[in-house]
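Notes follow the structure.
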Amino acid sequence: MKDLQRETAKLLLASSQGIAKVIPAASFEFWERKEFRELVNFTKLSRTEQDRMFNELEVSLLGLFDLHLTYIASIAQNEYRKVISILQKELVASFIALFSELGVEKKHINIWNVLIDMRFKEYWKHYKAALKEARGWKEFKGDDYMRVTWARIETITIDCLRHIRRGKVEKDDPLWKLLRKWFTMLDAITIGQFEKLVGENPEET
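Mapping to this note's numbering: the sequence shown position 77 is 137, numbers consecutive.
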């Protein structure tokens, strides 16, 4: 059993490093999309504002993965829960390590650590509220997996949109739909592999 746990830990650790590299790559691809740039009037923005939006995409995607791992920990068998908790921390560490590899100054890395901590607290607060709100919805009756998935994606989509728009979000903003589609796709194809290791029946969150 111990050998199996060690091998699983190695596999998950390697996966966390791979996912950390996906975050800037996927965010850059989205940031460069013509549709995204049209919706934010990209060419009229300062370089600082353009970069800020890219940063929000990255931290939002990192937050999405963190919430997904929180969910996976809730359904994992006992022997895997500790491993997954370590994996969550390692994912953030692996993401931050990318900046060090690029030669980013320590002071800027410290700012990133503060931003991640601040955003994660915000995401978690809104995620719990979304879960509670959807608990009685008939659409999710008897399907906690879909309720948790909806709450995770909805939380990150709305928070990301709000930060990109600097709080000035209008009803039926088309950027919401574009962001939600992007987060939904990445949530499914990047983290889904972990669920195969721990089962598929969520516990009540």
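No residue lacks a Cβ here, since even glycine has one placed at the ideal position from N, Cα and C.
Remember, predicted model here, so these are calculated numbers, not experimental data.
Give me the residue from 200, 111, 242, 213 with the minimum Cα distance to residue 90. Residue numbering aside, residue 90 sits at position 30 when the sequence shown is read from its first letter. Taking only the C-alpha atoms, the option nearest residue 90 is 242.
Going by the beta-carbon positions, is the gap between residue 158 and residue 80 smaller than 8 Å? Numbered from its first residue, the sequence shown carries residue 158 at position 98. Numbered from its first residue, the sequence shown carries residue 80 at position 20. If you check the CB distance, residue 158 and residue 80 come in under 8 Å.
Three-state class that DSSP yields for residue 219 in the structure shown: Position 159 of the sequence shown, counting from 1, holds the residue named residue 219. Residue 219 falls in the helix class under three-state DSSP.
Out of 131, 110, 84, state which residue places its alpha-carbon closest to the alpha-carbon of residue 96. Looking up residue 96 in the sequence shown gives position 36. Distances from the alpha-carbon of residue 96 to those of 131, 110, 84 put 110 closest.
Helix, strand or coil at residue 230 [DSSP, three-state]: Start at 1 with the first residue of the sequence shown, and residue 230 comes out as number 170. It is coil, neither helix nor strand.
Round the Cβ separation of residue 176 and residue 100 to the nearest angstrom and send it over; I've been treating them as touching at under 8 Å. Within the sequence shown, the letter at position 116 stands for residue 176. Within the sequence shown, the letter at position 40 stands for residue 100. With a Cβ gap of about 22 Å, residue 176 and residue 100 do not count as contacting.
Alpha helix (DSSP H) runs contained entirely in the stretch 71-109, provided each spans 4 or more residues: Counting whole runs of 4 or more residues, the stretch 71-109 contains the alpha helix (DSSP H) stretches 94-99.
Rounded to a whole number of angstroms, what is the C-alpha to C-alpha distance between residue 169 and residue 220? The residue you call residue 169 lines up with position 109 of the sequence shown. The residue you call residue 220 lines up with position 160 of the sequence shown. Between the alpha carbons of residue 169 and residue 220 lies a distance of about 21 Å.
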